[in-house]
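Residue numbers for the sequence shown follow UniProt numbering, so the first one is 1 and each next one is one higher.
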Amino acid sequence: MLSRFLTVSVFTAAFFLANLPRPGYAEAEEKSIVIAMAETLEPGLRDHLFVATGAVIRQALPGRNIAFETISAINAARDVKRLHPDFLILPSGLYLTLAQTNDLRLLATRKRSEAADPSRGVAAAFVVREDRTDLQSLADLEGVRIAAGTPYSVDGWLAALGEIQARGYDPEHFFSETIFLQFPFPDIVRSLMKGSADVGVIPACMLERLESVGALEKGLLRVVHEQTSPELACRRSSALYPDWVVASMGTASPEDVRQVSIGLLTMPNTNDFEWWAAGDFRALNELYRTLRLGPYAFLRDFSVHAVIERYKGPLLFAAALMVLFLLNELRVHVLVRRRTKELSDALMERDANAQSIRELQKQLGEVERVGAVSQLSSMIAHELKQPVASIINFSAALSVRLGGLLKAHPECAAGLCTIRAESERISEIISRVRQYAKHRPVSAAPCSLSAAVRKAVLVYRNGEGGRIPVEVTETENVWVVADELELELLVLNLIRNAAQAQTHVETPYIRIRIERSASEVQLTVEDNGPALSDAQFRKLSHAQTSMKPDGLGLGLEITRSIAARSDAMLVFERKPERGLLAIVRFPLKLSLSGTAFEERES
Numbered sequence: 001m002l003s004r005f006l007t008v009s010v011f012t013a014a015f016f017l018a019n020l021p022r023p024g025y026a027e028a029e030e031k032s033i034v035i036a037m038a039e040t041l042e043p044g045l046r047d048h049l050f051v052a053t054g055a056v057i058r059q060a061l062p063g064r065n066i067a068f069e070t071i072s073a074i075n076a077a078r079d080v081k082r083l084h085p086d087f088l089i090l091p092s093g094l095y096l097t098l099a100q101t102n103d104l105r106l107l108a109t110r111k112r113s114e115a116a117d118p119s120r121g122v123a124a125a126f127v128v129r130e131d132r133t134d135l136q137s138l139a140d141l142e143g144v145r146i147a148a149g150t151p152y153s154v155d156g157w158l159a160a161l162g163e164i165q166a167r168g169y170d171p172e173h174f175f176s177e178t179i180f181l182q183f184p185f186p187d188i189v190r191s192l193m194k195g196s197a198d199v200g201v202i203p204a205c206m207l208e209r210l211e212s213v214g215a216l217e218k219g220l221l222r223v224v225h226e227q228t229s230p231e232l233a234c235r236r237s238s239a240l241y242p243d244w245v246v247a248s249m250g251t252a253s254p255e256d257v258r259q260v261s262i263g264l265l266t267m268p269n270t271n272d273f274e275w276w277a278a279g280d281f282r283a284l285n286e287l288y289r290t291l292r293l294g295p296y297a298f299l300r301d302f303s304v305h306a307v308i309e310r311y312k313g314p315l316l317f318a319a320a321l322m323v324l325f326l327l328n329e330l331r332v333h334v335l336v337r338r339r340t341k342e343l344s345d346a347l348m349e350r351d352a353n354a355q356s357i358r359e360l361q362k363q364l365g366e367v368e369r370v371g372a373v374s375q376l377s378s379m380i381a382h383e384l385k386q387p388v389a390s391i392i393n394f395s396a397a398l399s400v401r402l403g404g405l406l407k408a409h410p411e412c413a414a415g416l417c418t419i420r421a422e423s424e425r426i427s428e429i430i431s432r433v434r435q436y437a438k439h440r441p442v443s444a445a446p447c448s449l450s451a452a453v454r455k456a457v458l459v460y461r462n463g464e465g466g467r468i469p470v471e472v473t474e475t476e477n478v479w480v481v482a483d484e485l486e487l488e489l490l491v492l493n494l495i496r497n498a499a500q501a502q503t504h505v506e507t508p509y510i511r512i513r514i515e516r517s518a519s520e521v522q523l524t525v526e527d528n529g530p531a532l533s534d535a536q537f538r539k540l541s542h543a544q545t546s547m548k549p550d551g552l553g554l555g556l557e558i559t560r561s562i563a564a565r566s567d568a569m570l571v572f573e574r575k576p577e578r579g580l581l582a583i584v585r586f587p588l589k590l591s592l593s594g595t596a597f598e599e600r601e602s
């Protein structure tokens, strides 16, 4: 019976091919219609599909030259580009693949009598020998040898892989060996019978057709992982997908497309099939996407260019997010730096204010201390006024009483005269202090700065023994407007400060210079003391601050006060290596020239 089926199939195919026009003849005709048919290895498919459909197209286009060509399923894109067909008859999977790169229009989908919906008309079936009791479910098929028709057939292989994928297995490593044969029948059946394959994949309904025509003994093969539904009256093992389709190219004449579509959709149900206007390819599209085949074969390419092309949208979105993230980080960084600077400035300002408050408190304390010392000085001056006056009176009386004897002893007369002179000086100082306490103005008059310097140097040498040599440089006798006694105290204080700063200096010296310019008179007292730090130098400009451990800070304050009452200014300058310059600048009184001073002195 199997031999009879093969003989009939071969005879029918030979008859069909003999009646097809030759390619050369079709190409010679200017208005010929080219119909491309996909090659198939399914037995009898040409008999009941191609012949019947070709006859319908001939009837729809009467008087037209129609050429039938065959395209390879493997090189379909190349064949379509070479043949430029007007219409194509091909499996749904091949149509979906070609539609990605060609202008194809779906006209009709085949509906077999076993199927209720042409979009769900084909499936795959796993078949094994009946005696293979060890193969009962899909899980039992893992690791076995499988035989299939072609690797690009939906109902002959891809649908089976999709079912394996849907059940959570890896279809590419599910079987131990895959054997692709030319024909599902008899090649796959023969492989199962001989034991060279454990399981085979055939299109759904083929097993029923072979058994119905007697080509295969009933019960010899059974379906594993069998599924049944009203949509397809055949045993199957996979999901359902669209059947064969008829499509037109974009270059086909609209009138030809219309006539062919009418002919196909009105075709009577012959050979157990008909053409319907249905085209739901969602399940098939998902199958190809899941298996990364056909139009989704690019998903298997993991080169840099392919990955970029594949995930261009997500990559651009990720890049945009990254740019936004970096911009936000930059913004946050700038804000943090700004806030940090503001906080740092606020802290620095707070510290500066706190330091200023401490300085003010310290100066206030010094002022209070100076005030207390001033009160004590007033009290002492008041109490010393009477004893000093008594010393002066007694020394005067003693000079009168011992007048004759003093002539015989001149050294005693000189000593008594000195006692009286110094007592009068003390009395004058006390009177001046009392004037300060009573806030009475001190009378200023032209006086010789040179003479005041000489007197101060003489007092320093007599009082402190002249330990440090004092060198005075003056170009002329310079006069200033000041109180003579205060001027002597100013110079004496500067000399004493210079001497005290050189207590531990090996080569101490004090140099005094008197200089006059067109606008001022400058008194400079130079010493060779140790170099001062910035902090020590700043203390010299503050009132009531002493550089000596036992000092009260009144010497410089008195000196500044005297200079201020004479409209003079006291400043300090550091020498490059060591030492200090104390400079007092007196304004030159334009109302009294040097000549007027000299005439007044004479």
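Using N, Cα and C, we set each Cβ at its ideal position, and we do this for glycine too.
Look at the Cβ atom of Y288, then the Cβ atom of L96, and state whether they are nearer than 8 angstroms.
-> Going by C-beta atoms, Y288 is nearer than 8 angstroms to L96.
DSSP three-state call for K111: helix, strand or coil?
-> K111: strand per DSSP, three-state reduction.
For E37, which beta-bridge partners are listed by DSSP?
-> Looking at the sequence shown, residue 37 is not Glu but Met. Looking at the DSSP assignment, M37 forms a beta bridge with T70, I89.
Proximal residues to A396 (C-beta, below 8 angstroms), its chain only, five neighbours per side dropped = Only residues of its own chain outside the window of five on either side were considered, and among them R420 have a CB closer than 8 angstroms to the CB of A396, listed in chain order.
Classify W244 as helix, strand or coil using the three-state DSSP reduction.
-> Here DSSP, grouped into helix, strand and coil, assigns W244 to coil.
Distance, A77 Cα to A247 Cα = So the alpha carbons of these two residues sit roughly 15 angstroms apart.
How would you write the range of the alpha helix (DSSP H) that V491 sits in, first residue to last?
-> V491 -> alpha helix (DSSP H) spans 484 to 500.
Could you tell me which of L192, S191, E231 sits nearest to C205, measuring between CA atoms?
-> Scanning L192, S191, E231 for the CA closest to the CA of C205 turns up E231.
Would you kindly report the start and end of the unbroken beta strand (DSSP E) that includes S229?
-> Where S229 is concerned, the enclosing beta strand (DSSP E) stretches over 227 to 229.
Collapsed DSSP secondary structure at A124 in the structure displayed = Three-state result, A124: strand.
Quick one: what does DSSP say Q536 is sitting in, helix, strand or coil?
-> DSSP places Q536 in helix when its eight states are reduced to three.
Residues of its chain near T473, where Cβ-Cβ distance is below 8 angstroms and the 5 sequence neighbours each way are ignored = Answer for T473: R511, I512, R513, I514, listed in chain order.
Nearest CA to the CA of R217: which residue from H333, L90, L494, L207?
-> Reading off the sequence, residue 217 comes out as Glu, not Arg. The residue with the shortest Cα to Cα distance from E217 is L207.
E474 bridges to which residues according to DSSP?
-> According to DSSP, E474 bridges with I514.
Specify, as a first and last residue, the run of the alpha helix (DSSP H) that I57 falls within.
-> Annotation for I57: the continuous alpha helix (DSSP H) segment containing it runs 51 to 60.
With a 10 Å radius around its C-beta and 16 neighbouring C-beta atoms as the bar for buried, classify I488 as buried or exposed.
-> Residue 488 is actually Glu in this sequence, not Ile. Classification for E488: buried.
Excluding the 5 residues preceding and the 5 following residue 671 in the sequence, name in chain order all residues of the same chain whose CB lies nearer than 6 angstroms to its CB.
-> Nothing in the structure corresponds to residue 671, since the chain is present only between 1 and 602.
Touch check for the stretch 317 to 331 and the stretch 117 to 127: three-plus C-beta pairs under 8 angstroms?
-> These segments do not touch.
CA-CA distance, S399 and C412?
-> Spanning the two alpha carbons is a distance of roughly 10 angstroms.
Who does E573 pair with in a DSSP beta bridge?
-> When DSSP reads this structure, E573 sits in a beta bridge with L581.
For D567, which three-state DSSP category applies?
-> Annotated three-state conformation of D567 is coil, per DSSP.
On the three-state DSSP scale, how would you describe L588?
-> In the three-state scheme derived from DSSP, where H, G and I count as helix and E and B as strand, L588 is classed as coil.
Of all the options T524, E226, A252, N477, which has the alpha carbon lying nearest to the alpha carbon of P85?
-> Nearest C-alpha to P85: A252.
Find the nearest neighbour of A452 within the set C417, N493, G415, E424, judged by alpha-carbon distance.
-> Sorting C417, N493, G415, E424 by C-alpha distance to the C-alpha of A452 places N493 at the top.
Report yes or no: do three or more beta-carbon pairs, one from the stretch 156 to 171 and one from the stretch 262 to 280, lie closer than 8 angstroms?
-> The stretch 156 to 171 is not in contact with the stretch 262 to 280.
Please classify V56: is it buried, with 16 or more other beta-carbons within 10 angstroms of its beta-carbon, or exposed?
-> Here V56 is buried, its C-beta having at least 16 other C-beta atoms within 10 Å.
Same chain, Cβ closer than 7 angstroms to E226, five either side skipped, listed in chain order = For E226, where only same-chain residues beyond five positions count, the Cβ hits under 7 angstroms are R235, S237.
What is the residue span of the beta strand (DSSP E) that G200 lies within?
-> Where G200 is concerned, the enclosing beta strand (DSSP E) stretches over 199 to 203.
K81 versus V224: straight-line alpha-carbon distance, rounded | If I take the Cα positions, the gap works out to 41 angstroms.
Taking just the CA atoms, how far does A456 sit from V388?
-> Per the coordinates, the alpha-carbon of V388 lies some 22 angstroms from the alpha-carbon of A456.
Does the Cβ of V245 have 16 or more other Cβ atoms within 10 Å, making it buried, or fewer, making it exposed?
-> Looking at its Cβ environment, which holds 16 or more other Cβ atoms inside 10 Å, V245 is buried.
Roughly how many angstroms separate the alpha carbons of H305 and A318, rounded to a whole number?
-> H305 and A318: Cα-Cα distance of roughly 17 angstroms.
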